[in-house]
Amino acid sequence: MEIWQIVGLALIVTILSVVLKQIRPEIALQLSILAGASIFILIISKIRVVVDLLQTLADQANISSYYLLIILKIVGVAYLAEFGAQICRDAGESALGTKIELAAKVGVIILAIPIIVAITESLVRLVP
6 MEIWQIVGLA
16 LIVTILSVVL
26 KQIRPEIALQ
36 LSILAGASIF
46 ILIISKIRVV
56 VDLLQTLADQ
66 ANISSYYLLI
76 ILKIVGVAYL
86 AEFGAQICRD
96 AGESALGTKI
106 ELAAKVGVII
116 LAIPIIVAIT
126 ESLVRLVP
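Note that the sequence shown ends on residue 133 in the working numbering; no numbers are left out.
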């Protein structure tokens, strides 16, 4: 699916949601969540292409796939947290959305520890 189709879908759902919020706000929120999940599903194939490219580049550069996996997990946590936080904000729960973002930041730091350790060890080996 091309970006113009995704934007079109999002605009249609937005218009429907605005109308539905006045009549049935709970359905408007469910429609918004469904549209967001649908868009995410539509772009999964594009994400796969990027992951394959990164794997090829990592193989060519002799970078361990372990570190590539960590980076991909970090990106996944960031995108998932943003998605969840926006859903919370759409539902009027801004504080909950902020908590999701905080948890994601902590999660990213925890996931990055092996990379930080590897970089630190490499620097220590370089300094005599």
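Every residue gets a Cβ at the ideal spot worked out from N, C-alpha and C, and that includes glycine.
All of these numbers come straight from a predicted model, not from anything done at the bench.
Endpoints, alpha helix (DSSP H) assigned at residue i
i, result
"residue 106", "99 to 131"
"residue 22", "8 to 28"
"residue 70", "70 to 95"
C-alpha distance - residue i paired with residue j, whole-angstrom precision
i, j, result
"residue 124", "residue 80", "19 Å"
"residue 70", "residue 109", "23 Å"
"residue 93", "residue 87", "10 Å"
"residue 37", "residue 44", "11 Å"
"residue 118", "residue 18", "40 Å"
"residue 105", "residue 7", "29 Å"
Nearest to residue i (by Cα), restricted to the options the options
i, options, result
"residue 107", "47, 89, 7, 57", "89"
"residue 30", "132, 96, 11", "96"
"residue 77", "9, 104, 57, 41", "57"
"residue 13", "35, 25, 41, 28", "41"
Contact under 8 Å by Cβ, residue i with residue j
i, j, result
"residue 82", "residue 113", "yes"
"residue 46", "residue 75", "no"
"residue 15", "residue 22", "no"
"residue 59", "residue 73", "yes"
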